[in-house]
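When the letters of the sequence shown are read in order and numbered with the working numbering, they come out as residues 79 to 217.
Just so it is clear, CB atoms sit at the ideal spot from N, CA and C, and this is done for glycine as well.
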Amino acid sequence: CAWAERPGVEQLADMPRARRLLAELPAALLQLPDVGPGQKFRAPQLPAGLEQEVFARLQKLPADVYHDIFNPLDAEDRQLVSHSLANDLMEIWVGLRRGLSLVEKSQPAEAVREWRFGFDSRWGGHLVRAQRALHSYFT
């Protein structure tokens, strides 16, 4: 989260750093302990204005819009869909930041649940697409 939250864009350093951080994330997530089911709770709100600041920074990266096939497992699917690297990184950041907010509130088990659920239901797909876009950027 610190990388996304820091001010400014370093064109030569930010894309390789994003690539490395995204590569490390799935392995770290898989090492989280199984904390079992939790109580229903509402994901914590992030500080006002922080999301807009982070998104504005991510939009300044040297690459953003890319295209993919809607369903890569369907051999008949040739429908191209546009995605935004900035949006993918933002969705990942929001999921991670919400978990960190729970850690800051001394709720580590809820943080693990938030990260695992978010990865499986929302930002995991963004992570995979962002990795592919970054791979294309470098090759």
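Quick one: measure Cβ to Cβ for residue 163 and residue 211, integer angstroms, because I've assumed they're closer than 8 Å.
5 Å
Looking at the structure shown, is residue 146 part of a helix, part of a strand, or coil, going by DSSP?
strand
I'd like to know whether the C-beta atoms of residue 122 and residue 180 end up nearer to each other than 8 Å.
Closer than 8 Å, so yes.
Check whether the segment 138 to 151 and the segment 87 to 104 are in contact - that is, three or more C-beta pairs closer than 8 Å.
yes
Which same chain residues, not among the five before or five after residue 167, have their C-beta less than 7 Å away from its C-beta?
82, 96, 136, 208
Using the three-state DSSP reduction, which class does residue 100 fall into: helix, strand or coil?
helix
Short check: CB of residue 113 to CB of residue 176, under 8 Å?
no
Can you give the beta carbon distance from residue 170 to residue 201, rounded, assuming they're within the 8 Å contact cut?
Indeed they touch by this definition, with Cβ atoms about 5 Å apart.
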